[in-house]
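Peer 1: Structure in structure tokens, see below.
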Amino acid sequence: MKKEVQLSNGIKIAYVEEGTGESLVLIHGFCGSSAYWHKLVPLLSKTYRVIAIDLRGHGDSSAPDEPYSIERFADDLALLVEELGLTKIHLFGHSLGGYVTLAFANQYADKLASFGLVHSTPYPDDDAAKANRDKGADNIRQNGMEPFIKALVPKLFAPSHIDTMREEFQLAKEIGFATSPVGAIQTLIAMRDRVDRNHVLQETTLPVLLVAGTEDQIIPAEKTFTVDKNNVKQVLLPDAGHMGMVESTEKMADALKSFLNRK
């Protein structure tokens, strides 16, 4: 069920909440929303209290026209966690959501029981990627969301899934079209300016899950699997692109459950 809460910083955050048990918080990727997790939530909410949020600038949350940063997204989440009275959450972030997850783990580790990156990376943008963010922001300023999303969404899926997963492909486009242009532009700048957070993975003693897809055209597995430690579990989803939560839902649900049930 979709709910919303006004945070003490004035931002309205919308979220989906299902189930009871330990709190599992899911953060979507760029130009996505809580709806990115629509197939996964029912599989996880049988045993967990699952909260899938809309980041500021996305979905039904506020999209203020002011500078965003990855740290600011993490601050929003900390306020939401406080508002909902959550303690020791399991936090999983997809792509942009992974950047927010790492910032949260860096700033608010005491609020975490575990965390994970899904098709994400601790690396910052290189110069070419930064230039691309600027180009994307200019494109949205001039032409609105539609051309930008039409170019983006095909890259999110494994090429073989574009024809076989038409409903999911269409849904990803619709979520993108509905994203606030202001929110998208500010988020592009926030992603462009994010810092290297490999140190968070290297230094944390919390359990960490890293999920990658063999067919991911946005963030290849080697950019996700940057650390190999006892507290870090790596899962590679065969045949999945950048959208494992819809391309390989059962396998991703199994990976999350097995990670959360580890002894």
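Heads up: the sequence shown runs through residues 0 to 262, numbered per numbering that gives the first Met the number 0.
Glycine included, every Cβ here is placed at the ideal spot set by N, Cα and C.
(1) Spell out a yes or no on whether the region 230-245 and the region 205-217 are touching, meaning 3 or more CB-CB pairs, one atom from each, closer than 8 Å.
(2) Quick check on this structure: which residue in F114, L23 and A128 has the alpha carbon closest to the alpha carbon of V207?
(3) Taking the straight line between their C-alpha atoms, what separation do you get for V181 and K250?
(4) In whole angstroms, give me the CA-to-CA distance for G175 and L42.
(5) Who pairs with K1 in a beta bridge, going by DSSP?
(6) Nearest-angstrom Cα distance between L116 and G92?
(7) Return the first residue and the last residue of the beta strand (DSSP E) that G92 is part of.
(8) Suppose only complete runs of 4+ residues qualify. What are the alpha helix (DSSP H) ranges in the region 170-218, listed by chain order?
(9) Classify P146 as buried or exposed, calling it buried when 16 or more other Cβ atoms lie within 10 Å of its own Cβ.
(10) Suppose only complete runs of 3+ residues qualify. What are the beta strand (DSSP E) ranges in the region 32-118, listed by chain order?
(11) Kindly list the residues whose CB is nearer than 6 Å to the CB of Y98, restricted to its own chain and excluding five residues on each side of it in sequence; keep chain order.
(12) In its own chain, which residues sit with a C-beta less than 7 Å from the C-beta of V40, not counting the 5 before and 5 after it?
(13) To which residues of the same chain is S33 closer than 8 Å at the C-beta, ignoring the five residues directly before and after it?
(14) State the DSSP-derived secondary structure class of K228, mapped to helix, strand or coil.
(15) Within 10 angstroms of its Cβ, does D109 collect 16 or more other Cβ (buried), or is it exposed?
(16) Among the candidates L85, N138, I10 and T163, whose CA atom is the shortest distance from the CA of T19?
(17) Could you check if R55 belongs to the surroundings of the ligand HEM, using beta carbon to heavy atom distance under 7 Å?
(18) Which residue's Cα is closest to the Cα of P123: D195, R165, L79 and T203?
Peer 2: Concretely, from the data shown:
(1) yes
(2) F114
(3) 35 Å
(4) 24 Å
(5) V15
(6) 5 Å
(7) I88 to H93
(8) 180-191 and 197-202
(9) exposed
(10) 48-52, 88-93 and 111-117
(11) I69 and R193
(12) V15, E17, V49 and A51
(13) K1, A13, Y14, V15, L25, H27, A51, I52, D53 and G58
(14) coil
(15) exposed
(16) L85
(17) The ligand content of the structure shown is nil, which means the ligand HEM is not present either.
(18) D195
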